[in-house]
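**Student:** First residue of the sequence shown? That's 24 in this note's numbering, and the numbers climb one at a time after it. A virtual CB, placed ideally from N, CA and C, is assigned to each residue, including glycine. Just so we're clear, the structure is a prediction, and the values are computed from it rather than from any experiment. Would you mind keeping the following structure in view while I ask a few things?
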Amino acid sequence: MKFTVTGRSAAARYTLLAGVAGLAIPGVAAAQSNQQDAEELAEATVQDDPNDGFDELESQEGTVIIVTATKREQTLQETPVSVSVTSAETLERAEIRDLADLVTVAPSLRVSQLQSSANTTFIIRGFGNGANNVGIEPSVGVFIDGVYRSRSAASINDLANVSRIEVLRGPQNTLFGKNASAGVISVITRAPQFEFGGSASFTYGNFDTMVAKADITGPITDSIAFSLDGTYNKRDGYVDVVNLDEKINDRDRYVVRGQLLFDNDGPFTVRAIGDYSKIDELCCAAGNVLAGPSVPLLFAVGGALDVEDPFSDQVFLDTLPVNDIENYGGSIQADLELGNLTLTSITAYRELRAFNEQDVDFSSAAVVSEFRNQAVDTFTQELRLASDFDGPLNFLLGGYYFNESAEQNSGLDNGEDSRAFFDLLAGSGVPGTLAGVEAALGLPAGGIFAEGPATREFFTLDNESYSVFGQVDFDLTDRLTLTAGFNYTDDRKDFTLSQDSLDPLANINLVDAVIVGQIAQITQTPPSQIGAAQIQAFAAANPAAFQAIANAATNPATNPLLALQALQFLPPFLDVPNSVEPGETRDDNWSYTLRAAYDVTDNLNAYFTYATGFKASSVNLSRDSRPTNADFTPGPFGSTILAPSSPIRDAGLAVPNLTTGSRFAGPEESEVYEFGLKASFPQFAFNLAVFDQTIDGFQSNAFTGTGFALVNAGSQSVQGFEFDSTVTPIDPLVFTFALTYLDSQYDDFPGSVVGDLTGQSVAGVPDFTIATSATYTHEFGNTGNALIGRVDYYHEANTQLIEGVPGFDNPIEVARNYRREVNQVNASLTLALESGLEIAGFVRNLTNDRYLTQIFPGVAQPGTISGYPSQPRTYGGTVRFRF
Numbered sequence: 024m025k026f027t028v029t030g031r032s033a034a035a036r037y038t039l040l041a042g043v044a045g046l047a048i049p050g051v052a053a054a055q056s057n058q059q060d061a062e063e064l065a066e067a068t069v070q071d072d073p074n075d076g077f078d079e080l081e082s083q084e085g086t087v088i089i090v091t092a093t094k095r096e097q098t099l100q101e102t103p104v105s106v107s108v109t110s111a112e113t114l115e116r117a118e119i120r121d122l123a124d125l126v127t128v129a130p131s132l133r134v135s136q137l138q139s140s141a142n143t144t145f146i147i148r149g150f151g152n153g154a155n156n157v158g159i160e161p162s163v164g165v166f167i168d169g170v171y172r173s174r175s176a177a178s179i180n181d182l183a184n185v186s187r188i189e190v191l192r193g194p195q196n197t198l199f200g201k202n203a204s205a206g207v208i209s210v211i212t213r214a215p216q217f218e219f220g221g222s223a224s225f226t227y228g229n230f231d232t233m234v235a236k237a238d239i240t241g242p243i244t245d246s247i248a249f250s251l252d253g254t255y256n257k258r259d260g261y262v263d264v265v266n267l268d269e270k271i272n273d274r275d276r277y278v279v280r281g282q283l284l285f286d287n288d289g290p291f292t293v294r295a296i297g298d299y300s301k302i303d304e305l306c307c308a309a310g311n312v313l314a315g316p317s318v319p320l321l322f323a324v325g326g327a328l329d330v331e332d333p334f335s336d337q338v339f340l341d342t343l344p345v346n347d348i349e350n351y352g353g354s355i356q357a358d359l360e361l362g363n364l365t366l367t368s369i370t371a372y373r374e375l376r377a378f379n380e381q382d383v384d385f386s387s388a389a390v391v392s393e394f395r396n397q398a399v400d401t402f403t404q405e406l407r408l409a410s411d412f413d414g415p416l417n418f419l420l421g422g423y424y425f426n427e428s429a430e431q432n433s434g435l436d437n438g439e440d441s442r443a444f445f446d447l448l449a450g451s452g453v454p455g456t457l458a459g460v461e462a463a464l465g466l467p468a469g470g471i472f473a474e475g476p477a478t479r480e481f482f483t484l485d486n487e488s489y490s491v492f493g494q495v496d497f498d499l500t501d502r503l504t505l506t507a508g509f510n511y512t513d514d515r516k517d518f519t520l521s522q523d524s525l526d527p528l529a530n531i532n533l534v535d536a537v538i539v540g541q542i543a544q545i546t547q548t549p550p551s552q553i554g555a556a557q558i559q560a561f562a563a564a565n566p567a568a569f570q571a572i573a574n575a576a577t578n579p580a581t582n583p584l585l586a587l588q589a590l591q592f593l594p595p596f597l598d599v600p601n602s603v604e605p606g607e608t609r610d611d612n613w614s615y616t617l618r619a620a621y622d623v624t625d626n627l628n629a630y631f632t633y634a635t636g637f638k639a640s641s642v643n644l645s646r647d648s649r650p651t652n653a654d655f656t657p658g659p660f661g662s663t664i665l666a667p668s669s670p671i672r673d674a675g676l677a678v679p680n681l682t683t684g685s686r687f688a689g690p691e692e693s694e695v696y697e698f699g700l701k702a703s704f705p706q707f708a709f710n711l712a713v714f715d716q717t718i719d720g721f722q723s724n725a726f727t728g729t730g731f732a733l734v735n736a737g738s739q740s741v742q743g744f745e746f747d748s749t750v751t752p753i754d755p756l757v758f759t760f761a762l763t764y765l766d767s768q769y770d771d772f773p774g775s776v777v778g779d780l781t782g783q784s785v786a787g788v789p790d791f792t793i794a795t796s797a798t799y800t801h802e803f804g805n806t807g808n809a810l811i812g813r814v815d816y817y818h819e820a821n822t823q824l825i826e827g828v829p830g831f832d833n834p835i836e837v838a839r840n841y842r843r844e845v846n847q848v849n850a851s852l853t854l855a856l857e858s859g860l861e862i863a864g865f866v867r868n869l870t871n872d873r874y875l876t877q878i879f880p881g882v883a884q885p886g887t888i889s890g891y892p893s894q895p896r897t898y899g900g901t902v903r904f905r906f
């Protein structure tokens, strides 16, 4: 039986039901126990006074919760998808302000915050990527009011005027037009209302936290309604930059949004949304986890850092980090009812501007800093036709178009202490090595690691794709529904990569320099006149002598310059496109879903799903972008002279110290088998999903110490289950309990940047995750006043942080020493008065549980490990007024 609402009355009913869901089930939402009662109650809501309908719904044994996980409005119980729903009420009571906080109520979701406000990775069931590289779209698609946000920086700001958040687990490509191979986070905000109302709130907390929110809605005419809302969030930093007497890890962000709704009770409705958000923060502090042999050298050049104490909330930097993000755009959704058919169009255009700058040696020594300036412009168009027949057959058919351009200007800069530090590093603590190298190689004195630009980079990416998707539901009996869906996607990317590496040492191959020098000496020719032709002629005429020179040049015992190769962090870059590499990807894919859903009883539903998913190729827009092995094979120690034949070498394109890697990672293809149960009884409801999910070609983006390597894992899989439940032993008391178990591993990944990971567990994916809460509502008689207390607990089992740490001889073994376990307790107490006034107190991370969210190898510091610590305890109070 279908539950579908449309039109202005439907919008009011929809908002009302969402509010009821939030009050009755503040955690992961449960389902309505009786579908016939659900429809009758919904009709009562439309026909009677809204407040009367609210009371009637609230008094029933079950609770109607509407979701749009299948792009139709359905009750949660009749939606045969593994989905968790977090209501607006829960967001407020739990002080959840952005998607990063959502993990405490959605245990299958993990959010990883990295070195800047813009670099956030969303992970569902252990699958997720996309941060730190503008060329990678995430495997977890984020949609806000049906509009795809292609980069995490466009979706991490504070959540404003949210009705609910749906987390869809497993591949969702059939109905979502872009990159949802791991899952979807769908944020649904409140539409404008035809009754005047709104709210305002102010929060003050420790670290001088100040959060102000306001929204207002109402009619402009009988057929046009509006809404305006905004959020301002400011907080002092909680990490002291000791040497600069400043604080970082602050909050300074705001969001403003306006909406118009046209609805004249006719078949045609239009909802227009425009928004602007701004982030200007000092983020993010990294602590020293392991002090390598280079740390004393930082001290020797006058630097300082808090050695192996990442939770001290004290750091030393030579410059403050900058995070400046602007995200803005608009969308228009139009719905046209054509009898039993509904035609929907969603048109959107968005722009993202992100600039960040950071001291990447994470010390007060001025060694290296990095900046990135990114711009992403996105246009999307979705068109779909959905049926609502009384008969056994219903369908949804749609198309999706995506057009995006991305640019990045970036670079590394050497600070005033750079040369002194690397000179000590080259000489094992004794200065003077670099001056000697410059003299030996004929380089200008003081040129190696000189203060100033080290690299300058410019990357572009143009992406155009379209999808055609559809789904058919056939009610074989009153209780059995069969579903088949498909999605065809065609994705085209064109990219350009260019970089200037300005360090003179990095531009010299230390093998080729010896070979050229020896040939010049033997032939008494100036080295500047020894080119490829002269080398080839000498080798042909003197094969034994040339082989002896080559042997000496590649032997560290006879060529001491080879020891300096470790300092060639930023070698020259081969620009793309070139005559060998076209700078493009072309992908297409058919994904499909097969499902059987069965109503075992009026209170128990079961489903079985087989689905596939797809994510198109991602491009490595970073300084670690390298040709593939098929295009180039370097010689020993990166020699071009001794390199074997390859397309790039034979075309004369090879640059000094060119190595191999990847320009892009190929597509991800996912597959899931899933069995689910959804049940609702008078005082107990639960959802259970058991699954076996695999992604072939998972796009792994790993930090190497100076850049990022993007490669495909052969296969990554996870088996597990998700269980969430709600228990209401008495009317005022509601317990929620959610448990996720994941057994995740790399089935095939021999080519990772840290070695063969085949058969190993995926780091950062805990076996068990628990999210549980208790909410008690004490009503003061019939006054309409209530006291609401909530406590929630979130747990992640002990898990390894990272698969391997580059820069160590045994990177996989070293990484096994670094693990984390999460135990977070949050609580709130709210006095809600009938007048609309609310006064609340809250605390997040009550026990001040601290852990490392991620670790990474020190930048240009072999043997050093840094890490990002979690936030400390926060607390405060909120005053809110609704009218």
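I need the DSSP call for Arg442, collapsed to helix, strand or coil.
**Tutor:** Arg442: helix per DSSP, three-state reduction.
**Student:** Going by DSSP in three states, Val757 sits in which element: helix, strand or coil?
**Tutor:** Residue state, collapsed to three classes: strand.
**Student:** Bridge partners for Ala381 per DSSP, in chain order?
**Tutor:** According to the sequence provided, residue 381 is Gln. The question's Ala does not apply to it. Beta-bridge pairing links Gln381 to Glu393.
**Student:** What does the alpha-carbon distance come out to for the pair Asp770 and Asn426?
**Tutor:** 34 Å
**Student:** By the three-class DSSP mapping on this structure, what secondary structure does Gln216 have?
**Tutor:** Looking at Gln216 - three-state DSSP - the assignment turns out to be coil, as it is neither helix nor strand.
**Student:** Hey, Asn628 and Ala619 are a contact pair by Cβ (cut 8 Å); roughly how many whole angstroms apart?
**Tutor:** Not a contact, Cβ separation roughly 11 Å.
**Student:** Going by other Cβ atoms of all chains shown within 10 Å of its Cβ, with 16 needed for buried, is Pro103 buried or exposed?
**Tutor:** Around the beta carbon of Pro103, 16 or more other beta carbons sit within 10 angstroms, so the residue counts as buried.
**Student:** If you reduce the DSSP assignment to three classes, tell me which class Ile793 lands in.
**Tutor:** strand
**Student:** Just verifying my parser: in three-state terms, what is the DSSP assignment at Asp72?
**Tutor:** Any answer about Asp72 is weak, because its pLDDT of 33 lies below 50 and its placement is not dependable; what the coordinates show is given next. Coil, per DSSP.
**Student:** Give a yes or no on whether the C-beta atoms belonging to Gly149 and Val163 are separated by under 9 Å.
**Tutor:** no
**Student:** Suppose only complete runs of 3+ residues qualify. What are the beta strand (DSSP E) ranges in the segment 598–682, listed by chain order?
**Tutor:** 607–624 and 627–638
**Student:** Going by Cα to Cα distance, which pick from Lys701, Asp766 and Leu765 is closest to Asp747?
**Tutor:** Selected option, being the one with the closest Cα: Lys701.
**Student:** State the DSSP-derived secondary structure class of Ser110, mapped to helix, strand or coil.
**Tutor:** Three-state result, Ser110: strand.
**Student:** Inspect the CB distances between the segment 569–583 and the segment 657–665 and report whether three or more fall short of 8 Å.
**Tutor:** yes
**Student:** Using 10 angstroms around the beta-carbon of Pro344, count the other beta-carbons present and answer buried if the total reaches 16, otherwise exposed.
**Tutor:** Buried, since its Cβ has 16 or more Cβ neighbours within 10 Å.
**Student:** Relative to the alpha-carbon of Thr749, which residue among Gln742, Gly743 and Val757 has its alpha-carbon at the smallest distance?
**Tutor:** Val757
**Student:** Using beta-carbon positions only, say whether Ser392 and Asp341 come within less than 9 Å of one another.
**Tutor:** yes
**Student:** Can you tell me whether DSSP reads Arg873 as helix, strand or coil?
**Tutor:** coil
**Student:** Is the segment 664–678 in contact with the segment 720–740, if contact means three or more CB pairs nearer than 8 Å?
**Tutor:** no
**Student:** May I have the straight-line CA-CA distance separating Glu604 from Phe481, to the nearest angstrom?
**Tutor:** 17 Å
**Student:** Cutting at 8 Å between CB atoms, please list the residues of its own chain near Gly455, excluding the five before and the five after it.
**Tutor:** Asp446
**Student:** Determine which residues share a DSSP beta bridge with Val90 and list them.
**Tutor:** Gln97
**Student:** Just reading off the beta strand (DSSP E) that Ile471 is part of, what are its end residues?
**Tutor:** From DSSP, Ile471 is part of no beta strand (DSSP E); its letter is neither H nor E.
**Student:** In the DSSP output, which residue or residues are listed as bridge partners for Ser767?
**Tutor:** Val741
**Student:** Secondary structure at Ser224, three-state DSSP: helix, strand or coil?
**Tutor:** In the structure shown, Ser224 falls within a strand segment according to DSSP collapsed to helix, strand and coil.
**Student:** For my contact list, Phe744 and Ala712 are in at a C-beta cut-off of 8 Å; report their separation, rounded to the angstrom.
**Tutor:** 6 Å
**Student:** Helix or strand or just coil, what does DSSP make of Asn724?
**Tutor:** strand
**Student:** What's the C-alpha gap between Arg686 and Gln722?
**Tutor:** 12 Å
**Student:** Under DSSP, the beta strand (DSSP E) around Gly890 begins and ends at which residues?
**Tutor:** Ile888 to Pro892
**Student:** Indicate whether Phe731 and Tyr764 have their beta-carbon atoms separated by less than 9 Å.
**Tutor:** no
**Student:** For Asn821, count neighbouring Cβ atoms within 10 angstroms of its own Cβ and tell me buried if that reaches 16, exposed if not.
**Tutor:** exposed
**Student:** Grouping DSSP H, G and I as helix and E and B as strand, with all else coil, what is Phe561?
**Tutor:** Of the three classes helix, strand and coil, the one that applies to Phe561 here is helix, per DSSP.
**Student:** From the DSSP output, in three-state form, read off Gln884 for me.
**Tutor:** Residue state for Gln884 is assigned as coil, using DSSP reduced to three classes.
**Student:** At 3 residues or longer, what runs of the beta strand (DSSP E) sit wholly inside the segment 444–516?
**Tutor:** 478–498
**Student:** Would you check if the segment 766–785 and the segment 734–742 touch, i.e. whether three or more CB-CB distances between them fall below 8 Å?
**Tutor:** yes
**Student:** Would you mind stating whether Tyr351 and Asp275 have Cβ atoms separated by less than 9 Å?
**Tutor:** no
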